[in-house]
Structures are given as C-alpha cells and as structure tokens.
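Chains as they are written, first to last, in my numbering: chain C, 16 to 376; chain Z, 16 to 376; chain V, 16 to 376; chain P, 16 to 376.
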C-alpha cells in the first residue's frame, strides 16, 4: 500500500529518484496484440524532456526509454511491460547545502518526518523527475486508446499568471514551447518567463485536458467514478492544487436551469458537465482543468528549519523550471490516458458478457 | 472492479438504491477495541437526513442505522462491520413518467448506455441517497480519528450562488440549517432558497472541509498522495465538479515567493498549501474546497431524449433539494475522514517496524 | 486489508458472526442483465444448511437469503448486490463456559492474541457459519457461469476417514446426505458417523471439486494463476489443510514421461494436470481436491489454557458436525465458482479489445 | 488485474521473459530504515542460480542483481525498490523448432490460446526463469523478517521420486546440491538424477518450508487467511500441484481427538495444525509442504499439436533440470517470506492503534 501505483486493471507501478541510477515502471494489464515500440513512447518523453527550450530547466536528460519485456516481435504479449530510463545529468553536489535543511513548499520536511530518512538529492522520490515514467506508461495508453478506440487525449496551457488563453487552436500547441493554443499570447509568455528568470522567481499555471471521441459508458457508479479517478490522477501530479471537470468552480453560482445539458435527437445542446454524468462518460468531450502552483525552487532566500528544528535561511540551487506548468502538459495527458485506459478495461470486464441492448462501446 | 468501494486498508463497500429495500455497507479494517454504538453513527446521519428543514428535500427518512456485526460488548472486534439503513419513504410512482426518458444532468442516460438496464426509481444506484452509507461509515472513521489521534474533520458551506461567507465561526455551523459559519448571511440564504422554490430552480454551492490536528506524515509519495486521495473522495460525491487543496486555483497567478509556506522554529508562517506537501500531511490544517453543481431535478421543463432516441420534454417530479450543497456538508466530512483513516492505517503498516528518529506520529 | 473479501473484479465481501444478528455480503462486479432471484441462491443454501440431516449439526437455521439491491425487475443491474441472512437459532449460553478459555484446534487463542478481544459465542467471526454468505455469493457466480458460458462446478465427498470413494457417479450426489458419489459406501459412512456420535469424536474428509466445460485461457500468468487462486480459495475454507490440482501430491514420484498430458488433434490424451497448464485453464475439466481436518469441537475433554495462561480442562458444548467435510461440499463449489467468475471477467478485461486469432473463449 | 503482482502492502510486481533483455521487479511497501545491499539479495539468487551443480540445468546465468532505487546510503527509504537482473545466456535458437508446436505439460498451448500471441523462446513469461525476481524480492522480506522480528524462513527437499527424507538436519541443507536435510539419502539422489539424465526423463519432488519464530496473530480471519495466502503463493510456483499446511492430507483419516493440538501453560503439546489456527499464526512453527511435478521438458519424444491443430511429434531441446524441485527450494522460501512480510505489515496497519491487552506481537 505504499502507493507507487495507479490503475486497477491497466496498472502502472513506478520506481526511481531524481538522482538515482535510473527510473522505471511496470505496466501490467496491457491487452495483447498492440503494435508497440520504444519510438512510440519517445514522442511524449521528448515533449516532456528537460532542457528542451530556454523556458524550462537546463538539466539535460535525453530520457531514452528502453522496453525490457512484454513485447515480442513488435507486439504486446499481454504480459507485464518493463520500461526504464537512465538518469545521466544528475548534479548531486548542488544539493549538499540542503542536506540538513528543508526547502519550504517542497516535500523535504514531510518526507523526513514520515520516513525518518530522506534522499535529499534533487528531492529524491518526491521530484517531478519521477513523472518521466508516467509519461512513458501513459504513452502506451495513448497509443491503445487512439489506435483501437479512436480516443484522443490532448492538453495545453490555458493560463500562466495573469495571461489567459483567449483563442483556442489545437494546431498551435506543438508549434511553441509553451504548449499554448493561442498564438497571440506567446510574446507575453516569453516576457513573463524572462522576467521570472531575472528575478529568480516562479509562477503558477492552469492547464486544460480534453479527451475526445470517448465512448459513452466509461466509469463506475459510486466511488471509482470517472471524474473521481481523473481528479485523483491529476491532483497526484506534483504541484497541482486544484482540479475541475467541465464548468468546475463556475457551477457555484449557476442555476440548475442553466447548468443541465439538454439532450435532443441531434445530441447534447451544451457541455457544462465536461463529458461526465453520474461518474460515467456521456460521449461528449471530457474536459478537465488543473491548477499548478509556482515551484518553490527559486533563487530568493527564505526562512526554513533544519533537521534540528532551528530556523535557518535557505536558497535553492540547481536548475529549475520558472513555470512547472509547461512541462506538465504531457504529464496531464498521460495521467488522463491511464485513467481512461483503466476504465475501458474495467468496463469490458463487467459488461461484455451479457447480451444487452446495443450501445456505443 | 465495479468500484463500489473506497479505501485500501480501511475499506468501505456500499450497496443500495434510492428506492430499494435498504442501503448498507461493510467497513473492513477498523482496528479492534474502539468503543462504537449505533448512536455514534446516528449523529451525522441526522445532520445529513432528508426532511430535516424546510430548505431541503421533503422526503422523510428516519435513516436509523443498524450495526449488524463487528462490534462485541460495545467494542469493535477488528472484523468486518456490517451496517444497514432501511428505506421507508420511497414514492416510486413519482418516477413512472421518466421510465423511458433521460433526465438531463443526471446519470439516467449514461447508466442506461453503460448497463443496458436502469433502475429509474429515484435514480437507482446513482442517487445521492447512496451517500447515507458513506456518512455512516465515515462516522466510524471520525470517531476513531478524534478519540485515538485527536484529529477533527469539519465542513461548512462557504458559498451558495453569489452569497459568500465572510465571517468564519465554526460555532455557528450547527446552529443553522445551512451549515453556514457566517451568521450575517443567513437571511440572504433563506431568501435565495425561497426564491428558488418559487421558481422551481436550483443553485450551486461551494463547501470547505478542514481537518485539524492531523499529524505530519500521512500520505504516500507518488500516486496515492493524500491530496490525490482527497480529490478522488470529494470529486466522487454526487454533483461535485471541482476540488481544491489550500489556495487551489488561486495559485495560477501566484509567484513562488508568495506561495511557499516558510518555516521557522515556531512553525509555518502561512498555509497556502492546505496542509499537504509532496502529497504528505505537513501537520498544518488540511483545507479543501469543493464545488457542487445545481441539481438538474427542477420543475422547469426541458428537452431530452427517450430510450428510442427521440426528442421529448421532461419535468422532474419528486421531492428535491434546491441546493444539494447543504446536505453535502456531512458527506464531505465523511469522505475526508475515510481518506485520513485509511492513510493513518497505511502509514502504520509501513512505518512502525523500524526504529527511526522520533517523529510526530 | 482486513481481508474479508475475495476476488478482484467479481468481488465478494462478507460480514457477520456465528451468534450475531445476521450475516451478509456485498457482491460487486456482477455483469448486468443476469436473471437473478432469491430462489436461485436458496438452492445451495439449502444444501449447506445446518440441521438438514441427522449426520450434521442440529442447529436449525432456515438460512433464508434476502436480496437487498443490485437487481431490478428480476435482472442484475451491474451495481453492487447486497445479500443478508438472519441468524435465528443461536444458543449463546452454550458458550459461556468457554468465555475465558481457548478451545484447542479452534481460532479462539489466535483471535484473542491478534485482536485483544474475542466474540466467544460460537467462535464469532471465525465460525464456519460465515460460509453461508460464501455459498450465497457463489450461487450468483454459479448461475452466471452455467447460463452464460456453460461452465458447471460440482463437488462431492471423496473420502471420509478410511472410507474412499471407488465408484464415481455424479447422479448419486444429491441422493444422499453425504454428497457421496458412490452408493456402495453409504452404509459404511452411516456407521462411521454413528460411531463418532457415540464416542463424541469427529473425523476428517477429502472432497473433490470438478469444473467442467471451462474454456481455455482463464488465469493470469505469474502470481494470480488460476491454480494459485483456487488454492487460496479452498485453503481459505474453515478446517482445510491441503489442496491439490490434478494428480496433486501424486506427482512426487511420477516421471515427466508419465505426467505430461500429450495432445493430439482429438484432444488431450490424459488429464494429470487437472485442467490447468502454466496457471491457465487448458479447456479440460478442472479437478481439485481438498483435505478437511476433523473438527476440534468434540465431547472428549482436553487440556487448554485460559486467558490468564493457566492450564485448564475444556469440553466443547454446543451442536456440532461430526464431519465438517460433508457440509463443505457446497462451500467448495461456491469458492471455485467465485474464482472462475473472477478470472472470466479478468480475462475479458484484458483481452477483448484487440482483434487476435480466433480462440475458444 | 493481469496478476503479475503479489502482496497487498508489501507488494512485489515482476516483469521479464526467459529470453528477454532482462528481468526486473518493483518492491513497494518496504518499511524505511532497513539496511539493504545487493549482496544481501545475491545470497539466495546464488542458491537458485542455474548451472550451479551438475544436477541442475546447464544454462549459465550469473544472476547479478542491481538495486536501482529505494535505498539511500545503505538504507531503505520507504519508497519503491527497483531491482533488475540481466539475461546473458539465452540460446533462443534452441526454441525455433517449437515455434509452431506446443510442448505438452507446458504453458505453450494455454498462452497461445489466451493471448493469441506467444513468445516461444524458452517459454517466454511462463518460464521458471521469472522466479529469479521472486527470489530477489523475497530476499528483502527475509532480511527484514529475520533482522527486525527474528523470523527465519527455511526450506528443503523432503522427497524426490520414492526417496523420502528420514533424518532431518537443517545444518545439512546448504552442504549438498539437493538442499537435502538427510545425509544418508545423498547417494540415492545422485543415482536417481544420473539415471534420469541417461534416460532423458525427469522426476517430481516434495519440499517442506518451515517458518520459525513467527509471532502469534498474523493472518486475516476470513479470506486472506495466512494459510490461504501461503497456499496461493506456493501453488503459484511453476510446476507445483499440491500444498499442505501441517498434517495436510493426513488429516483425512484423523480423529478430532488426535488432531487438535492441546495447550498447556508450557505451550502446545503438538503441531498438527502447522502453526496456523483459524487462518492466524499460533506462534508455533509454520510448516508447509508442496509437491512439484516432473518437468515436461525431457528428451523423450511425444505427441502434440501445432498451431494449425495437427498432430505432430515434439522433443524438447534446450537445457533443463531433471528435477525442478531442487532449485525451487529458495523460491519456496521467498514466497513464504513475502506472504509473512505482507501479513506482518497488514497486522500493524489494523492493530497498532488501540491500546489493548499485551500480546506477543
């Protein structure tokens, strides 16, 4: 129950620390017969990779994934898939200064209190470096969902600081280093990041994830609802402090007569629900938003305590993202893809046996 | 994997439908030796009970819980606890009109598509009536947490429509039918509900849950983080569309230098994080917010489709809450208590064996 | 993790004690659309019922099961099924004498040491009375397997004391109170039980379970093998001390050239494996054997200790089976049916998505 | 739910095939603060290693394990532990001849039917080569159990063919290549293996596992009983067809007056139960036996079918063990250690919170 796994039927378990030898994961439950190669997974790993642009951390990791098992002659066999990514650009000496003091806003203090021991190098297991394996595993889910079902899971930056996306164009997202769908905001984003770097500060962000072409019927009725599992998966990304489905917190001052998405023979009239009703996908686009806090790894000194409980100053050295929200875009996609994949398989488990009225899955 | 359960070690599995004979649950994993009676659980069941005030649904259920197992001579035995609540005031005939048509904004359409069969009486399993068992099970968690650890989990209404709480006083919460901590807002809330009833409409709400006196160290590092599991548990409540920890979506335009909660020998200087760092409790108050949509069960007719896919009109009969957020207050407490209880036991499982430096748990 | 549940996708969680108000269970994961009534489940409950013949315990329980949820208009809905059976013939006063002393061979001592508290009335949760819910839940699995897939799960007595079955006739099993397939052994069994009753003693037994018409392909490759899960399920029945698949312990002095079941176009030449190869069903009959110890609830006094650790004498009062193996026949069927049902759904989850070469499931 | 994992709290998930690049596993849930090095794990890996003596397979694998995560400065951190072992001596060409035909007694046919695809090289995932990771993971459990609790888990050969151990001396076990505790049987075992090699045949075996110094109280009451989980773990070892606890199948013709282990102030008078009562450890030695079939990989040709369903002849090439029971000794220890470790942590989870009467754990 140490919790390093996600999913019930499509289950991903990860290991590895920021400055360890390597990171890895096991994907258990992938159906057999899926075409799968390392190149398939490298696409998203490259999108998430540190050092990819001047706007993200300058740690240089090639993040080359190796497929160690579960694939034979180019196809998945139905058995467990082992994946590994080696760490190559650790600079552990950067962290000697914080060996005995806890960086505020990080997991340093809570890990130490929980376990009585702490790998202080780059945050150890609490580092967002761990998400490299989520992206690798999510790549398998994304490929299966797209190829076998037609589901596409995409994410983008929708706000950074006060800069909100206004024009939404999916085609722009891969054209700029911010995963921003609004070309008119790129200059402002560039200016904001430059100013943050100058000041040694960081900023929060809001992302949007959209899963399209999801069949109706995914999700379980009570606890393991599709929205609950998406909330779990997104809130579990480092730095996330809020998750919304559909209109999210906007529903607080809506009336029932406004919010309910009426249905006609031609389909739903609106999508306030974000594609999920009663915890089960409605066949509309699934729309989720997430809020990421500004990283606490900044160059401005602050107060903290050390392992002896004394107040001391700390400054975070090392190479960090001024806005961790940017590189979280492929991570958010991976998490939603893993949840959808798991619920697709769960749905099949329970429902494919009895002959019932035709439905869309 | 049908998902009618929550928790790994402290595990709650529920059954029952809105208009079935009874609802029940099994609580597996409660430690032995806890004083427990039906009266302990009735407290929160009464707070959630329908028909308790003129502001909520007029369905009258006494919601008397029976303890069927797992307790011997007033103490838990460590074995599974069976709980049952009988339904007494079903009016299934109210639902005959929607037998073949799907109420928008409800789970009618998605259940039918998922399962090919639907208990249309009061929404069947998708009804919030199911939450009666969550409150009963959560009562066990709340009692254990408070008595054995000192943790207190409380929730309140923080916004309804445009009416936001400004003065926060926990002592007020049980003094008014809205669970509102701000006595100056009661008249406005009363007026809003009256107006909704007149118009046959409904409104959304925002709730706040605070868990105080939580020891540092609860939560697992990567996927099963404490914040992720809280998000899962709260998003899994009927009608919830958003969940925040600490500053939530407010972090999007915060700077790192603002957000990080500095530490000194005297403790944390602030609590932007909402009491969780790196997925693990920090020892500060855990603060979560949730947004509940306005119920779609309103008296204003609208378009929908029937089981043959034809566009038809529908009006929801039956007895409904104008603001489902009110009665969700004890439900939100129960869900957070279940999550904390589960993580407390998970923490014990992994950590109590090796003698490590003293810590607060 | 308190372990009162079996199955991953078809999951059965039970509650209840020997002398509590009632016993119950929740069956989560049953596919929708299955015809299901209380009468379906009563068949096996009656076969297991105490007081059914003079050869078993004289506790009289009608064991009437109530279906509380998950079925609508005679069909399962895909949501969780609540079942309950009330206790009616407890004689708790019989157990006052053992309140403070531990019956050897029972769970009295281990429960007390584990939990620090013990419901001494009839063994509390450790009583085989709990298996009434396994039989009820197993009845759902049996019905689904037979109706939807054609799988039949049957068990019988194959040995009691030194009396071994020699002539195997399934048709005899429901014709005698021993579930014995060999009509020539009935007199000997009758004489043995009479002699045991006279002496206040008890005897062990061996049962055989056969699942026929199982499709090839059920079972997972490594840990959750079909044979491993059957071993878990059968060893988990009260009093079971051994489990065999196919030739079982007979393989110890077999040669590889004898044991391997050769294959031809006409099928397997033999079934030493008991229908499972590499943890996966081969399409042959699945054959398992289990050994049940003689119950320790006998009228012959013996030594034990009391809660203060002092040596004392104990005699078991109450009404007991001279051979618990008899009534374990429907329990063994139920356990194997639950395992097969779970693996059928697990198989569907992982495999139905990709179009692969035709196969028998 | 693809089942490549064992354990609930101490959870081991494995990946890898006989002829893949490498095998690996993740151990999740190990408590923090345990001294752990690769050398600790190498001990049992060497005991299991192929090519270790002339009595086992001549495939030469050094089976060097690498610890990739979860250990910092020589101590476990409480986070997930990644382990890897590279394959170095695959001879995949040996298997080209069976590419399209199914070896009887192996998983070839069932895998192919289940998944529609099969890694035929050395049995792929169904190979006992996979158990290398069970031994590595079990090494962590064994170290923790011994160092922190004092529990020792040991296994030995107790029968091969008709040769049964008569004199039991643990000290002999590491002194001979058969893990045999009876020095008087070594010549007979040597002769038997030589004869098998001459004839190209194989033989079955019986092993005994003993866990000593186990505290009373481990195991859950109903389904996840300690005996049930041991049965699951041992039956899940390749080639195992039977599992016994204590007197096992010997109980069938025992009387209750013989079997029950009486208790006195000085302890139990006997141990027919094998150290488990009501599914919970009694504090006595836990004694389990397992039967392993003779491997079907022998040099004597036989009938089988090919992928087109036609009857064909097959002879197994490759390098095989004449008695797979020998090398299963450390595997059986590992499996029982993993189960005990998991139940130790499960026990702590549920029980350490309430102050109850002192007990031995």
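Every residue, glycine too, gets a C-beta built ideally from N, C-alpha and C.
Quantities reported herein were computed from a predicted structural model and do not represent experimental measurements.
Using a Cβ-Cβ distance cut-off of 8 Å, the segment 164-182 of chain C and the segment 48-62 of chain C are not in contact, since fewer than three pairs of beta carbons, one from each stretch, lie closer than that value.
Of the residues P:322, P:359, P:339 and P:335, the one whose Cα lies closest to the Cα of residue 117 of chain P is P:322. At a cut-off of 9 Å, the C-beta of residue 132 of chain P has a neighbouring C-beta in chain C. By the rule that beta-carbons nearer than 9 Å mark a contact, residue 282 of chain V does not touch chain C. At least one CB of chain V lies nearer than 9 Å to the CB of residue 17 of chain Z.
In the three-state scheme derived from DSSP, where H, G and I count as helix and E and B as strand, residue 145 of chain V is classed as helix. Residue environment for residue 275 of chain P: buried (at least 16 other C-beta atoms within 10 angstroms of its C-beta). In the three-state DSSP reduction, residue 212 of chain P falls in the helix class (H, G or I).
Scanning its chain for C-beta atoms nearer than 7 Å, with the 5 sequence neighbours on each side dropped, one finds around residue 103 of chain Z the residues 76 and 77, in chain order. About 7 Å separates the Cβ atoms of residue 301 of chain V and residue 225 of chain V, confirming a contact at the 8 Å cut-off. Approximately 5 Å separates the beta-carbon atoms of residue 215 of chain P and residue 315 of chain P; this is inside 8 Å, confirming the contact. Of all residues in the segment 126-155 of chain V, only 129, 130, 131, 132, 133, 134, 139 and 140 come within less than 8 Å of chain Z when Cβ atoms are compared, listed by chain position.
Taking 4 residues as the shortest admissible run, the segment 269-306 of chain V contains the following complete alpha helix (DSSP H) segments, listed from N- to C-terminal end: 271-274. Close to chain C, meaning a Cβ-Cβ distance shorter than 9 Å, are the following residues of the segment 260-274 of chain Z: 260, 261, 262, 263, 264, 265, 266, 267, 268, 269, 270, 271, 272, 273 and 274. Residue 87 of chain P and residue 94 of chain P have their C-alpha atoms roughly 10 Å apart. Among the residues of the segment 21-37 of chain P, those with a Cβ less than 7 Å away from any Cβ of chain Z are 24, in the order of the chain.
DSSP, read as helix, strand or coil, puts residue 52 of chain C in coil. Its Cα nearest to that of residue 31 of chain P, the residue C:84 stands out among C:84, C:210, C:289 and C:125. With a 10 Å radius around the Cβ and a threshold of 16 neighbouring Cβ atoms, residue 82 of chain C comes out buried. DSSP, reduced to helix, strand and coil, places residue 228 of chain C outside both helices and strands of the structure shown, so it counts as coil.
In this structure residue 128 of chain V is buried. Its beta-carbon is surrounded by 16 or more other beta-carbon atoms within 10 angstroms.
No residue range can be given for residue 71 of chain V, since it is assigned to no beta strand (DSSP E) and is classified by DSSP as neither H nor E. If you draw a straight line from the Cα of residue 138 of chain V to the Cα of residue 26 of chain Z, it is about 24 Å long. Here residue 321 of chain V carries a strand assignment [DSSP, helix/strand/coil]. Across the segment 84-100 of chain Z, CB contacts with chain P closer than 7 Å involve 93 and 94, in sequence order along the chain.
Inter-segment contact for the segment 343-350 of chain C and the segment 198-210 of chain C is absent: fewer than three beta-carbon pairs are separated by less than 8 Å. A residue is called buried once 16 or more other Cβ atoms fall within 10 Å of its Cβ, and residue 325 of chain C, having fewer, is exposed. Of the candidates C:89, C:74 and C:33, the residue whose Cα lies closest to the Cα of residue 48 of chain C is C:89.
CA-CA distance, residue 337 of chain Z to residue 152 of chain Z, rounds to 26 Å.
By the criterion of a C-beta distance shorter than 6 Å, residue 183 of chain Z is surrounded in its chain by 196, once the five residues flanking it on both sides are discounted.
When the five nearest sequence neighbours on each side are left out, the beta carbons in the same chain lying within less than 7 Å of the beta carbon of residue 352 of chain P are those of 153, 156, 157, 160 and 168, in order along the chain. Per DSSP, residue 164 of chain C lies in no alpha helix (DSSP H) and is assigned neither H nor E.
Taken atom to atom, the span from the alpha-carbon of residue 149 of chain V to that of residue 290 of chain V is near 24 Å. Put simply, the backbone Cα of residue 264 of chain V is about 26 Å away from that of residue 230 of chain V. In this structure residue 261 of chain V is not in contact with residue 284 of chain P, their Cβ atoms being roughly 36 Å apart against a cut-off of 8 Å.
With fewer than 16 other beta carbons inside 10 angstroms of its own, residue 54 of chain Z counts as exposed.
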